[in-house]
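Asks: Everything in the sequence shown is counted per the working numbering, starting at -6 for the first residue and increasing by one.
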Amino acid sequence: MSNLANPYTGPIGVFDSGYGGLTILNNIRRSLPDYDFYYLGDNARTPYGSRSFEVVYEFTLQAVRKLFELGCPLVILGCNTASAKALRTIQQKDLPYLDPTRRVLGVIRPTAECIGALTESRHIGVLATAGTIKSDSYPLEVHKLFPDIQVTGVPCPMWVPLVENNEFNSEGADYFVKKYIHTLLEKDPLIDTIILGCTHYPLLYDKIRQFTPSHIHLVAQGEYVANSLTDYLKRHPEIDSRCSKHGRTGFFTTESTEKFRESASIFLKDEIDVKNIILE
Ligand code: DGL
């Protein structure tokens, strides 16, 4: 994307450890077609799901700094693991000195907000990376809003590699999809709603649907994140007026651009403009 005409406006940044955030970007672009976006995938260092708090925080902070340098007034951490492990610290500790006029938002709160209206049994499940489950971010966010809801989580460490390696339609995927759903429903058979708490999981949606009892509601978060962002921009005109609006998207990756283009085609239909970037 060429440089911006108005130095005080810039694209909305969407960050993910890899390709999964493209599912979030797709939903956001559908809801906000006139806005500009920069997508940054830290594909060279993905996956984040099994990394420590300190490492995920450091990598995520580097990405936020880079997107600020590129002119983004608002950054969405389109990655549950980064939202779980880094968002709060970045908002509270780093933003005040980086630039208090800019904003960093995550994907967990908007997903938690929709849950109250979806569950009747008040028992919900969360399927996510080991890092997201271990952080307890989903139970914490859900209980802030709906203290009566019981939240049970199960880590699914094999699902991201299945998606990243284009194996999400294989027999191996069948095995691992059944395995984690079975573990979750064995832990709490009263669950009637399951949050797919990782941006890669929408690509496994058909398989997850196939192996989940039909009365259970599956929540893929893209739509909820997009609605929440649209609402946020309406409520914050001071941020909205700083978002450039030419309907364009630029992509950045820490891996090779060729590899990004090839793998991103699983998630995106259009030809993309992608540049290599170093995070440090
Ligand atoms: N995109 C990340 C998430 O939503 C998962 C991928 C990873 O482990 O890096 O949690």
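Positions of the beta carbon are idealized from the N, C-alpha and C atoms, including for glycine.
1. For residue 28, does the three-state DSSP call read helix, strand or coil?
2. Exposed or buried, residue 289, counting other C-beta atoms within 10 Å across all chains shown (16 or more means buried)?
3. What do you reckon, is the C-beta of residue 148 under 7 Å from a heavy atom of ligand 1?
4. Does the structure place the segment 18 to 35 close enough to the segment 233 to 252 that three or more beta carbon pairs sit under 8 Å?
5. What whole-angstrom Cβ distance do residue 69 and residue 91 have, given they're in contact under 8 Å?
6. Tell me, to the nearest whole angstrom, how far the beta carbon of residue 100 is from that of residue 218; I am working on the premise that it is less than 8 Å.
7. Short of 8 Å in beta carbon distance, which residues of its chain neighbour residue 142, apart from the five on each side in sequence? Order them along the chain.
8. Would you mind stating whether residue 159 and residue 125 have Cβ atoms separated by less than 8 Å?
9. Three-state secondary structure (DSSP) at residue -4?
10. Classify residue 182 as helix, strand or coil using the three-state DSSP reduction.
11. Pairs of beta-carbons, one from the segment 36 to 56 and one from the segment 0 to 11, closer than 8 Å: are there three or more?
12. Who are the Cβ neighbours of residue 206 in its own chain at under 8 Å, not counting the five residues just before and after it?
13. Residues in its own chain within less than 7 Å of residue 254 by CB, not counting five upstream and five downstream?
14. Could you check what DSSP says for residue 191 in three-state terms: helix, strand or coil?
15. With distances taken from CA atoms, which of 148, 153, 105 is nearest residue 133?
16. Would you check whether ligand 1 has a heavy atom nearer than 7 Å to the C-beta of residue 9?
17. So is residue 256 buried or exposed if we call it buried at 16+ other beta carbons inside 10 Å?
18. Closest to residue 77 by CA distance: which of 103, 58, 94 is it?
19. Got a sec? Which residues, its chain only, sit under 6 Å from residue 269 by beta carbon, not counting five neighbours each side?
20. Taking C-beta to C-beta, are residue 5 and residue 46 nearer than 8 Å?
21. Keeping to the same chain, check which residues put their C-beta closer than 8 Å to that of residue 60; ignore five residues upstream and five downstream.
22. From 212, 186, 184, pick the residue whose C-alpha is nearest to that of residue 197; which is it?
23. Quick one, which of 1, 58, 229, 171 has its alpha-carbon nearest residue 202's?
Replies: Taking the structure as given:
1. Translated into the one-based positions of the sequence shown, residue 28 becomes position 35. Coil.
2. No information on residue 289 is available, as it lies outside the stretch -6 to 273 that the chain covers here.
3. The residue you call residue 148 lines up with position 155 of the sequence shown. Result no, Cβ not under 7 Å from ligand 1.
4. With the rule of 3 Cβ pairs closer than 8 Å, the segment 233 to 252 counts as touching the segment 18 to 35.
5. Start at 1 with the first residue of the sequence shown, and residue 69 comes out as number 76. Start at 1 with the first residue of the sequence shown, and residue 91 comes out as number 98. Going by Cβ atoms, the distance from residue 69 to residue 91 rounds to 16 Å, so no, they are not a contact pair.
6. Here residue 100 refers to the residue found at position 107 when the sequence shown is read from its first residue. Here residue 218 refers to the residue found at position 225 when the sequence shown is read from its first residue. Indeed, because the Cβ distance is near 5 Å, the residues count as touching under 8 Å.
7. Sequence index remark: in the sequence shown, residue 142 carries index 149 (1-based). Around residue 142: 108, 109, 112, 115, 116, 117, 135, 136.
8. As a working mapping, residue 159 is identified with position 166 in the sequence shown. As a working mapping, residue 125 is identified with position 132 in the sequence shown. Result no, Cβ atoms of residue 159 and residue 125 do not sit closer than 8 Å.
9. Taking the first residue of the sequence shown as position 1, residue -4 is located at position 3. Per-residue confidence for residue -4 stands at a pLDDT of 42, beneath the threshold of 50, marking its modelled position as unreliable; the derived number appears in the next sentence. Coil, per DSSP.
10. Here residue 182 corresponds to residue number 189 of the sequence shown, with the count starting at 1. Three-state result, residue 182: coil.
11. Contact between the segment 36 to 56 and the segment 0 to 11 is present, because at least three Cβ pairs lie under 8 Å.
12. Counting from one through the sequence shown, the residue named residue 206 turns up at place 213. Excluding positions up to five away in sequence, the list reads 178.
13. Numbered from its first residue, the sequence shown carries residue 254 at position 261. Cβ within range, chain order: 265, 267.
14. For this step, residue 191 is matched to residue 198 along the sequence shown. Three-state DSSP puts residue 191 in coil, outside helix and strand.
15. As a working note, residue 133 is residue 140 in the sequence shown. Nearest option by C-alpha distance: 105.
16. If you number the sequence shown from 1, residue 9 lands on position 16. Answer for residue 9: yes, Cβ within range of ligand 1.
17. In the sequence shown, residue 256 corresponds to position 263, counting from 1. So residue 256 ends up on the buried side.
18. Numbered from its first residue, the sequence shown carries residue 77 at position 84. Here the closest residue by C-alpha is 103.
19. Within the sequence shown, the letter at position 276 stands for residue 269. Excluding positions up to five away in sequence, the list reads 250.
20. On the sequence shown, residue 5 is found 12 positions in, with the first residue counted as 1. On the sequence shown, residue 46 is found 53 positions in, with the first residue counted as 1. No, they are not a contact pair.
21. Here residue 60 corresponds to residue number 67 of the sequence shown, with the count starting at 1. Around residue 60: 6, 8, 31, 33, 68.
22. Within the sequence shown, numbered from 1, the residue matching residue 197 stands at position 204. Checking every option, the nearest Cα to that of residue 197 belongs to 212.
23. Position 209 of the sequence shown, counted from the start, is the residue given in the question as residue 202. Nearest C-alpha to residue 202: 171.
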